[in-house]
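The structure appears right after this line, and notes come after that.
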Amino acid sequence: MPDIRPPDADRGKHRLSVRLPALPLTGGCQCGQVRYEIRKVPFAFYLCHCTECQRHTSSAYGESLRVESASVVITGTLRTTRRSSESGTVRLGDFCPECGVRIQHRSEGNPDRLNIKAGTLDDTSWLAPAGHIWVRSKQPFVAIGPDELAYDRQPEDGSQRIVARWREMLAAGERC
Numbered sequence: 001m002p003d004i005r006p007p008d009a010d011r012g013k014h015r016l017s018v019r020l021p022a023l024p025l026t027g028g029c030q031c032g033q034v035r036y037e038i039r040k041v042p043f044a045f046y047l048c049h050c051t052e053c054q055r056h057t058s059s060a061y062g063e064s065l066r067v068e069s070a071s072v073v074i075t076g077t078l079r080t081t082r083r084s085s086e087s088g089t090v091r092l093g094d095f096c097p098e099c100g101v102r103i104q105h106r107s108e109g110n111p112d113r114l115n116i117k118a119g120t121l122d123d124t125s126w127l128a129p130a131g132h133i134w135v136r137s138k139q140p141f142v143a144i145g146p147d148e149l150a151y152d153r154q155p156e157d158g159s160q161r162i163v164a165r166w167r168e169m170l171a172a173g174e175r176c
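Residue numbers for the sequence shown follow UniProt numbering, beginning at 1 and rising by one.
Set out below in structure tokens:
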């Protein structure tokens, strides 16, 4: 008998609430040389479908947990790459020099915020995206529900609607 998992009843449904685990949130690279703690509630969690994120994650999208830079404490040494993104901003990507796992990226012009690559969290079970960006380049097999925030490119509002949706999701999770 083939090892096939039956379909989830919830597959394709967008979760409208998030239960944030106790702080600090922790994570790190695959080899353990780089570890981090996030000591404040993240601003947002969203999925980026740009071709750059697809390349550097070797996947259909990148998972970005936007946080205040000062709230992140990193142990270990990171190596940094610098490149221009599809939107024209200069992005700095920090990764473990030993195993190559990308831990975070940030915009050169915005040192107060950074995006932790959410797949590096020790516990990802609580995550649900507040929105999707760069969906014009998403893979055709990725389904985005009609109630989900989705932007063809970089949001012109600076992701404010995604941040607001994340706050709503956190508030709904506290009531559960």
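The beta-carbon is built from N, C-alpha and C at its ideal position, and this holds for glycine as well.
Quick check on residue i - is its C-beta less than 7 Å from some C-beta in chain D?
i, result
"C99", "The displayed structure is made up of one protein chain only, and chain D is not part of it."
Can you give me the Cβ contacts of residue i inside the same chain, cut-off strictly under 6 Å, excluding the 5 residues immediately before and after it?
i, result
"A150", "H132, V135 and I144"
"G27", "Y36, T120, L121 and D122"
"Q139", "A60"
Name the one or two DSSP bridge partners that residue i has.
i, result
"G93", "T81 and H105"
"residue 219", "Outside the displayed range of the chain (1 to 176) lies residue 219, so it cannot be described from this structure."
"I133", "C48"
"A172", "Answer by DSSP bridge pairing: none, since A172 is not bridged."
"L121", "G27"
"A150", "H132"
Applying the 10 Å Cβ sphere with the 16-neighbour rule, what's the burial state of residue i?
i, result
"E52", "buried"
"A22", "exposed"
"D112", "exposed"
Please return the same chain residues whose Cβ sits closer than 8 Å to the Cβ of residue i, not counting the five positions on each side in sequence.
i, result
"L114", "R66, V67, S69, V72, Q104, H105 and R106"
"A118", "F45, E63, S64, L65, T124 and L127"
"F141", "A60"
- At 3 residues or longer, and completely inside the region 10-84: list those beta strand (DSSP E) runs for me, N to C. 25-28, 35-38, 44-48, 62-68, 72-75 and 79-84
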